[in-house]
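First to last, the sequence lines map onto chains Y and X.
Letter by letter, the first sequence follows residues 99 to 503 in our numbering.
Letter by letter, the second sequence follows residues 179 to 376 in our numbering.
Positions of the beta carbon are idealized from the N, C-alpha and C atoms, including for glycine.
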Amino acid sequence: MAEIEIAAGFIPLTDSAILVAARECGFAEEEGVALTLLRETSWANIRDRMAIGQFEAAHMLAPMPIAFELGLTPLALEVVAPMAMGLGGNAVTVSAGLFDQMMEAESFTPPDPNGAGNALRAAIEARKHAGDPPLQFGVVHPHSGHNFELRYWLAASGIDPETDVEIVIVPPPFMPDALESGQIDGFCVGEPWNSVAVSKNAGRIATIKSAIWRSSPEKVLGVRADWARNNGHGLSRLVRALYRAAEWCGDPASHSALSHILARPEYVGQSASLVARALEGTVIPGASGEEETGFFEPFAHAATFPWQSQALWFYSQMVRWGQVEHTPANADKARRCYRPDLYRAALSPLSVPIPAANAKVEGALTEPEPVGATSGALMLGPDGFFDGRIFDPDKLESYLAEDRS
Amino acid sequence: MPGRPPSVLVIDDNSVRAAIIEAGLREAGHDRVTVVTDVTGIAGRIAALEPDVIVIDLENPNRDMLENMFQLSRAVKRPIAMFVDRSDTDSIERAIDAGVSAYVVDGLRRERVKPILDMAISRFNAYSRLERELEDARNALQSRKVIDQAKGLLMRSRGMSEEDAYALLRKTAMNQNRKISDVAQSLVLAADMLGKED
């Protein structure tokens, strides 16, 4: 099999695991893919290098391909997401001072999102009475799961993300220092940056993505659309390599080796023990661990399947927060960035279970449930939103209307 | 405002490089150039300056924050990445290779932007060259120090003259196909481990 060369960009985060494992553990090689990984300092750089053809693929925030397609970025680019790269993996961390204020206002047990949300609302009210300035929260990008899950959690807790707090953009590796120096009061970021802040005693984790929305999408494999069109076989090989890598990453027996690989300076550059916390679901020191089940899931529960319903949920949040006007054409563009057809084309030779549908009702499962799959059995994880709302992609209009009222 | 030169904002946490770009732009007749090395409070600066062109180093991790701010800021009207002319892939690639990125206010004519970008690219490259030369000079100095140390070791322990000590280092290096400074480094390290030098 002739080798195909693929260059992919990534940001130093634990959820770059699948790409890193594909390169380091031989999965890319087995598929005849010579995979080069290039670490970048901003999502903007990943976009720009992809636009001029230096990258064929990249580790991307799940809403990014949608933002490109809707023309929300300073540079036009057509990117498709033939695969997701895991579920969960983020947390909301607040400064030690704010954590104490929250506890004082209304005691809660992290990561309980209801308790943490009520405590934060009470703390914000107390601050308003005292005449303190609004709290500042950092997120990594306006078109990110972090921005949308933080806003979702705040709004559902009775906190207006537009007026009760200020949301600012901070690069992931800068978050712990920004919290420690008091530039921000809290943040929502991927691992290991929450654990870095916790280990420096700069912050405490209030809640986690997998508690706000269980089994929720976070990163995707972004692929340049023109490259994908002209290199179907190469893309299939890449997706197969990443699927096998995800399977390996999801196996608890791999966690120690994986955390040591990710810890290396060319990848995440933090200690293996900090990186391991996300893989093992132990980001909250002293917690029983049960609440963190599925904190980061790279493989199980169809964690690599690019659900078009999830693309539409991200779109609904873009509309909700004024990033884009809702039109049926825009909704269609958002949905079509996610390409389950390419996923199926790549994986069909492996005879692995693949969801038969392209979309599902998000938030309807409270227990693990089998899903219709092409072959074998495939279980979906519980996928509830913490406030009990349900997102039915066929009822987008009424979902959007609920948020306007 | 026809005829008025575009206002340029340079954002670079490397103050030396920023100064080099600023000087270049001023020499080329751009008198409306502002340099910002610390992005704290940048929103206010941008609102006050209303820049037409923003030049930023590509490796700046704050690019995502800045882009978000450009989108929200009313001062920068619809900023577009420099790749406004997709057919000009050559200059896009040169910019990325040089490590520079830029944003341009929509509507500014390309022929007014290009000289600014070209200047930024050439100054970024000049700075990289300068940095490489400095690094080489630093390495050369370091090698000379190590070679002097190794010569001293040989002179003391084997009673050699300075010339002979150097000749021995050079011969060993040639035989082993290594650099003299590497051989000297090994010798100094070995002596260190054996505790011959205090």
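Taking the continuous alpha helix (DSSP H) assigned at residue i, which residues delimit it?
i: ASP501(Y); result: 494-502
i: SER446(Y); result: No alpha helix (DSSP H) contains SER446(Y), which DSSP labels as neither H nor E.
i: ALA221(X); result: 220-227
i: SER334(Y); result: 330-348
i: PHE125(Y); result: 125-128
i: SER140(Y); result: Run containing SER140(Y): none; DSSP gives neither H nor E here.
i: SER359(X); result: 358-372
i: LEU277(Y); result: 273-278
i: ILE359(Y); result: 353-361
Measure the alpha-carbon distance for residue i versus residue j and round it to whole angstroms.
i: ARG182(X); j: LEU286(X); result: 12 Å
i: TRP251(Y); j: ALA226(X); result: 35 Å
i: LEU498(Y); j: VAL190(Y); result: 25 Å
i: GLY461(Y); j: ILE303(Y); result: 24 Å
i: ASP258(Y); j: ASP485(Y); result: 16 Å
i: ALA457(Y); j: TYR441(Y); result: 14 Å
i: ALA206(X); j: MET297(X); result: 9 Å
i: ARG336(X); j: GLU311(X); result: 37 Å
i: PRO315(Y); j: ASP349(Y); result: 19 Å
i: VAL262(X); j: ALA149(Y); result: Below a pLDDT of 50, predicted positions are generally treated as unreliable, and VAL262(X), at 48, falls in that range; no measurement from the model is reported.
i: PHE206(Y); j: HIS241(Y); result: 30 Å
i: GLU247(Y); j: PHE285(Y); result: 11 Å
i: ASP342(X); j: LYS349(X); result: 10 Å
i: PRO480(Y); j: GLY222(X); result: 45 Å
i: ILE274(X); j: ILE234(X); result: 11 Å
i: PRO172(Y); j: MET162(Y); result: 12 Å
i: VAL131(Y); j: PRO451(Y); result: 23 Å
i: LYS431(Y); j: GLN406(Y); result: 11 Å
i: ASP439(Y); j: ALA454(Y); result: 10 Å
i: LEU367(X); j: SER354(Y); result: 35 Å
i: ARG147(Y); j: SER369(Y); result: 29 Å
i: ARG195(X); j: ALA160(Y); result: 35 Å
i: MET158(Y); j: ILE222(Y); result: 33 Å
i: ASP314(X); j: PRO271(Y); result: 31 Å
i: PRO396(Y); j: MET183(Y); result: 6 Å
i: ILE267(Y); j: GLU289(X); result: 33 Å
i: PRO404(Y); j: LEU476(Y); result: 15 Å
i: ALA203(Y); j: ILE359(Y); result: 42 Å
i: ALA385(Y); j: ALA361(Y); result: 24 Å
According to DSSP, simplified to helix, strand and coil, what is residue i?
i: LEU319(X); result: helix
i: TRP405(Y); result: coil
i: GLU395(Y); result: strand
i: ASN245(Y); result: helix
i: VAL262(X); result: Note that VAL262(X) has pLDDT 48, beneath the 50 cutoff, so the model's placement of it is unreliable and the number below is only indicative. Three-state DSSP puts VAL262(X) in coil, outside helix and strand.
i: TYR250(Y); result: helix
i: LYS431(Y); result: helix
i: LEU117(Y); result: helix
i: TRP83(Y); result: Nothing can be reported for residue 83(Y), as the shown portion of chain Y is limited to 99 through 503.
i: HIS208(X); result: coil
i: ARG322(Y); result: strand
i: VAL268(Y); result: coil
i: GLY186(Y); result: strand
i: PRO453(Y); result: strand
i: LEU111(Y); result: coil
i: ALA400(Y); result: coil
i: PHE206(Y); result: coil
i: SER255(Y); result: coil
i: TYR281(X); result: strand
i: VAL422(Y); result: coil
i: VAL233(X); result: strand
i: LYS317(Y); result: strand
i: ASN240(X); result: coil
On the DSSP bridge assignment, give the partners of residue i in chain order.
i: ILE467(Y); result: The sequence as given places Glu at residue 467(Y); Ile does not occur at that position. Paired residues: LEU478(Y).
i: THR191(Y); result: PHE285(Y) and ILE303(Y)
i: TRP311(Y); result: PHE483(Y)
i: TYR436(Y); result: ALA179(Y)
i: LEU135(Y); result: ALA106(Y)
i: PHE489(Y); result: GLU460(Y)
i: VAL263(Y); result: LEU233(Y)
Taking residue i as part of the beta strand (DSSP E), name the residues at either end of that continuous run.
i: SER371(Y); result: Here SER371(Y) belongs to no beta strand (DSSP E); instead the alpha helix (DSSP H) covers 370-378.
i: THR212(X); result: 211-214
i: GLU103(Y); result: 102-108
i: GLN234(Y); result: 233-237
i: LEU187(X); result: 186-189
Is there at least one non-hydrogen atom of the ligand GTP closer than 7 Å to the beta-carbon of residue i?
i: GLU309(X); result: Among the components of this structure there are no ligands whatsoever, and the ligand GTP is therefore not found.
- Item | Unbroken stretches of the beta strand (DSSP E), 3 residues or longer, contained in the stretch 303-347 of chain X | none
- Task: Enumerate, from N- to C-terminal direction, the unbroken beta strand (DSSP E) stretches of 3 or more residues contained entirely within the stretch 144-178 of chain Y.
- Result: 155-159
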